[in-house]
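Asker: If you read the sequences in order, they're chains A and B. Here my numbering is used: the first residue of the first sequence is 805, the next is one more, and so on. Here my numbering is used: the first residue of the second sequence is 805, the next is one more, and so on.
Protein chains: 2
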Amino acid sequence: MNVHVPRKQLSESLGHVERIIPNRSSNPALSLMRITLSDKTMTLSGSNMDIDMEAQIPADVEEAGQYALPAQVFGQVVRALPGELVELNFKDTELDISSGSYATKLQLADPTNAVSLEFPETYEGSLEASQLATALSHVRYAAAVAEYQAIFRGVKLELNDQKTRAIATDGFRLAYYNLAQPSGLDCELVLPARSVDELTKLLGDGEAKLSMGDGQLTIVNKDLKVNVKLMEGTFPDYNRVIPSDFPVSITLDSQQLADTVSRVAVMADKTANNRVDLFIKDGSLQITAEGSYGRSQEGLEVSQEGTDPEIVLAYNAKYLMDALNPLSGDLRFRFSGTTTPSVIESLRDPNYLAMIVPLRTG
Amino acid sequence: MNVHVPRKQLSESLGHVERIIPNRSSNPALSLMRITLSDKTMTLSGSNMDIDMEAQIPADVEEAGQYALPAQVFGQVVRALPGELVELNFKDTELDISSGSYATKLQLADPTNAVSLEFPETYEGSLEASQLATALSHVRYAAAVAEYQAIFRGVKLELNDQKTRAIATDGFRLAYYNLAQPSGLDCELVLPARSVDELTKLLGDGEAKLSMGDGQLTIVNKDLKVNVKLMEGTFPDYNRVIPSDFPVSITLDSQQLADTVSRVAVMADKTANNRVDLFIKDGSLQITAEGSYGRSQEGLEVSQEGTDPEIVLAYNAKYLMDALNPLSGDLRFRFSGTTTPSVIESLRDPNYLAMIVPLRTG
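#1: Could you list which residues in chain D have their beta carbon closer than 7 angstroms to that of Q911/B, in chain order?
#2: Give, in chain order, every unbroken run of the beta strand (DSSP E) that is at least 3 residues long and sits entirely within the stretch 816–857 of chain B.
#3: Give me the Cα-Cα distance between F956/B and N1120/B, rounded to the nearest whole angstrom.
#4: Measuring straight from C-alpha to C-alpha, what distance separates L1028/A and L983/A?
#5: Are the stretch 1050–1058 of chain A and the stretch 1136–1149 of chain A touching, with three or more C-beta to C-beta distances below 8 angstroms?
#6: Taking 7 angstroms as the CB-CB cut-off, is R748/B touching chain A?
#7: For H808/B, which residues from the same chain have a beta carbon less than 7 angstroms from its beta carbon, with the 5 sequence-adjacent residues on both sides left out?
#8: Quick one: using the 10 Å Cβ neighbour count with 16 as the cut-off for buried, is Q966/A buried or exposed?
#9: How many Å lie between E1011/A and F878/A at the Cα?
#10: Given 8 angstroms as the limit, is there contact between the stretch 1037–1053 of chain A and the stretch 1065–1082 of chain A, that is, 3 or more CB pairs closer than that?
#11: Does any residue of chain A have a CB that is nearer than 7 angstroms to the CB of A804/B?
#12: Can you look up E866/A in the DSSP assignment and give me helix, strand or coil?
#13: Enumerate in chain order the residues of its own chain whose CB-to-CB distance from Q1101/B is below 6 angstroms, with the five nearest sequence positions on each side excluded.
#14: Which ranges would you report for the beta strand (DSSP E) in the stretch 1082–1132 of chain B if only whole runs of at least 3 residues count?
#15: Quick one: which residues of the stretch 955–986 of chain A get their C-beta closer than 7 angstroms to a C-beta of chain B? List them in chain order.
#16: Would you kindly work out how many angstroms separate the C-alpha atoms of L899/B and E816/B, rounded to a whole number?
#17: Shortest alpha-carbon distance to I1160/B belongs to which of R1152/B, P1145/B and L848/B?
#18: Opposite H808/B in the DSSP bridges: which residues?
#19: Give me the residue from E1114/A, K909/A and D1073/A with the minimum Cα distance to L1082/A.
#20: Tell me the start and end of each unbroken alpha helix (DSSP H) in the stretch 979–1015 of chain A that is at least 4 residues and wholly inside, in chain order.
#21: Classify M853/B: buried if its beta carbon has 16 or more other beta carbons within 10 angstroms, exposed otherwise.
#22: Please tell me whether Y796/B has its Cβ less than 7 angstroms away from any Cβ of chain A.
#23: State yes or no: is the beta carbon of M1071/A nearer than 7 angstroms to at least one beta carbon in chain B?
#24: Which of the three DSSP states is assigned to Y906/A in this structure?
#25: Whole angstroms is fine: what's the gap from S1150/B's alpha carbon to G1133/B's?
#26: V881/A touches chain B at which residues, Cβ-Cβ below 9 angstroms?
#27: Going by other Cβ atoms of all chains shown within 10 Å of its Cβ, with 16 needed for buried, is D856/A buried or exposed?
#28: Kindly give me the distance between the Cβ atoms of Y927/A and S1015/A, rounded to whole angstroms, as I take these residues to be in contact under 8 angstroms.
#29: For D1063/A, report the span of its alpha helix (DSSP H) as first-last.
#30: Against G1103/A, what residues of chain B qualify as contacts under a CB-to-CB distance less than 8 angstroms, listed in chain order?
#31: Below 6 angstroms CB to CB, which residues in the same chain sit around K1122/A once its five sequence neighbours on both sides are set aside?
#32: So if DSSP puts E1149/A in a beta bridge, which residue, or which two residues, is it bridged to?
#33: Can you tell me whether L921/B is helix, strand or coil according to DSSP?
#34: Just to check my reading of the structure: Y1097/B and H942/B have Cβ atoms closer than 8 angstroms, yes? What is that Cβ distance to the nearest angstrom?
#35: Would you mind stating whether A868/A and E822/A have Cβ atoms separated by less than 7 angstroms?
#36: For G1019/B, which option in K1033/B, N964/B and L1007/B has the closest C-alpha, if you only look at C-alpha atoms?
This is the structure in structure tokens:
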């Protein structure tokens, strides 16, 4: 049967679903995209077991039906189409795709082989989609990479009637972002960092409807539905490691600090934690690094406060750069001690906090 | 001793020389950059054995001297500098680099370890640098990749008192580009394709002075001097394989043909030469492809000439795309037969010719 759909819309929705579908998988069913035709809607769906995704496209549909095809090939064809409108003619074993002067026949797969997805009927929570994306994207860098304990490789969401908070930590650094907006949900959950990467790409304008299910969080934003599998395990009690007493504290422009750290770090020893040294005294911040090729240093004037007149610390330059990356405008950098965690807060956006543990020196 | 030099100029010249210097090499001397200080000039030089390069930078120099340092580290430092002016203070074993509030110390190497380069005193030929780059970049794609006979992996330059021609071929396709400009040289030489890639990046405006030496071509363009090692061996007699009799010939827009081939080729079988089929008859060009996922086709109206009413051919879609890539505006596509070479010429730029051998079908 025939379906008519605007190319731009098909291409966009297909792009989202295609990206999560594995190109090669030990389970061939996972590389299939399911196409469901119903009254005035064409639905594309697929899964990589961590994320289920469904995209609805308004379309001129002649007859309902279920089909499946290799997602990547369909994506390549659709992206190449010359016309503004696409005509899809679904037959038993093949799909005719035509647009402008171009026509192609794609082999269809048995739809009973494709993964079948389920989404909740009702959504008890909601957040502004762009706000949720902001919170996730501010903290995601602090999640651990593969080597660490599994739960550290996730981003935690704390949802209650007061606020919404996203947190990530790998034990050496931590970042959280607060949304004043409560979601209507009251729960804590941990999303795999890779699923968070997909979510931040998908979330657009408008409302993100939320539903907590058995081991998964479902998010609906515009024409996209996403089930994200949750991580199991206990997220560390991070609040108790964030210090509250800071003998030294400085205020300076975040971009200036980031530029200086990146310049000085050129000389840092990549095999020794990318170490840069900070020395703060009398409203001056000296940053130095030393490696096998030589030594570099740069000084910045800062506004200094606190009970102690000076402090000496060392950080992994990459961790420092990561923590500064989401910032703009002035920041406050607060030091609890030479070997105890330091805290970076934005004066422009008080929702963001980064904590970073100094390197042990000497 | 002290040298003052504008950061932008140092960064640009350093970028050129740094790019050819190997980052890691079994011969550590090759990863060093030599710095020669003389009256009002700082000269950077290095080699990867295929290309020698020397860049001259006007600089405020206090005392002449020879130094050497790891090229990549120097490059990283210079790119990161904050100020407009760079002060270099060369000492016996280290180099102090400062710019704005930033300062670094780089370990120097023994300059006697760095490769010592020689360039000719006189240049008997010259071409417009941008024209030489145009000729090389039009044909470079047709050079063979690693698997083929060595000489096919080069780009030939034919220099005589009539014209200058660049040619590349891998036996399945060929491209040449003619420059009406004679160079003043009378010789034939073959440059390694990878050296050609570097040359096309380096050549800027103005004159390219040329000198043929023992096994190398030297090119001087503005403040850059380059020795390119020549390839040894006999380049094939390509002229005799370019057909002159074409029973069918079509004229059409190059971009339209490229777009159509790229769309249809989505279905082409990557394991079977990326084959696309062309069928020309009655001013119509039908392009089709078939692979394990399905079949695609698209038709174009063309202006057709010749003695034969129709022709059927197949090409490697990638080869066809490569041949079309340098073109804009209308092209003439001429067919000598179903299994004998076809020729593509630009109606906008008559200097370019591409030849492509059809795939054997059936």
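The beta carbon of each residue, even a glycine, is placed where N, CA and C say it ideally should be. What you are looking at is a predicted structure, and each value in this text was computed from that prediction instead of being measured.
Answerer: On the basis of the supplied data:
#1: Annotation note: the requested chain D is absent from the structure, which comprises protein chains A and B.
#2: Listed in chain order, they are 836–842 and 845–851.
#3: Taken atom to atom, the span from the alpha-carbon of F956/B to that of N1120/B is near 19 angstroms.
#4: Rounded to the nearest whole angstrom, the CA to CA distance from L1028/A to L983/A is 23 angstroms.
#5: With a cut-off of 8 angstroms, the stretch 1136–1149 of chain A and the stretch 1050–1058 of chain A count as touching, because enough Cβ pairs lie within range.
#6: Nothing about residue 748/B can be read from this structure; chain B reaches only from 805 to 1166.
#7: If we look at H808/B and ignore the five residues flanking it on each side, its Cβ neighbours are A863, D864, L889 and E891.
#8: Label assigned to Q966/A: exposed.
#9: Cα to Cα, E1011/A sits roughly 30 angstroms from F878/A.
#10: No: the two stretches stay apart, fewer than three of their Cβ pairs being nearer than 8 angstroms.
#11: There is no way to answer for residue 804/B, as the model of chain B reaches only from 805 to 1166.
#12: Residue state, collapsed to three classes: coil.
#13: Taking Q1101/B as the centre and dropping the five residues before and after it, the same chain places the C-beta of T1092 closer than 6 angstroms to its C-beta, in chain order.
#14: Counting whole runs of 3 or more residues, the stretch 1082–1132 of chain B contains the beta strand (DSSP E) stretches 1088–1095, 1098–1105, 1107–1109 and 1114–1120.
#15: Contact annotation: in the stretch 955–986 of chain A, no residue has its CB less than 7 angstroms from a CB in chain B.
#16: A direct Cα-to-Cα measurement between L899/B and E816/B gives close to 20 angstroms.
#17: Of the residues R1152/B, P1145/B and L848/B, the one whose Cα lies closest to the Cα of I1160/B is P1145/B.
#18: DSSP links H808/B through a beta bridge to D864/B and E891/B.
#19: Out of E1114/A, K909/A and D1073/A, E1114/A has the C-alpha closest to the C-alpha of L1082/A.
#20: The stretch 979–1015 of chain A contains these whole alpha helix (DSSP H) runs: 997–1006.
#21: In the assembly as shown, M853/B is an exposed residue. Its beta-carbon has fewer than 16 other beta-carbons within 10 Å.
#22: Outside the modelled stretch of chain B, which goes from 805 to 1166, sits residue 796/B, for which no answer is possible.
#23: Interface residue (Cβ-Cβ distance to chain B less than 7 angstroms): M1071/A is classified as such.
#24: DSSP places Y906/A in strand when its eight states are reduced to three.
#25: Roughly 8 angstroms between the two C-alpha positions.
#26: Neighbours of V881/A on chain B, chain order: R1067, V1070, M1071, Y1097, G1098 and S1100.
#27: Classification for D856/A: buried.
#28: Taking the Cβ atoms as the reference, Y927/A lies roughly 5 angstroms from S1015/A, within the contact range of under 8 angstroms.
#29: D1063/A: member of the alpha helix (DSSP H) spanning S1058 to V1068, first to last residue.
#30: For the C-beta of G1103/A, the chain B residues within less than 8 angstroms are, from N- to C-terminus, S905.
#31: Excluding sequence positions up to five before and after K1122/A, its CB lies within less than 6 angstroms of the CB of N1078, all in the same chain and listed in chain order.
#32: Secondary-structure assignment with DSSP links E1149/A through a beta bridge to R1136/A and L1157/A.
#33: Reduced to three states, the DSSP call for L921/B is coil.
#34: With 8 angstroms as the limit, Y1097/B and H942/B do not qualify as a contact, their Cβ atoms being about 34 angstroms apart.
#35: Contact flag unset, no.
#36: Nearest of K1033/B, N964/B and L1007/B to G1019/B, Cα basis: K1033/B.
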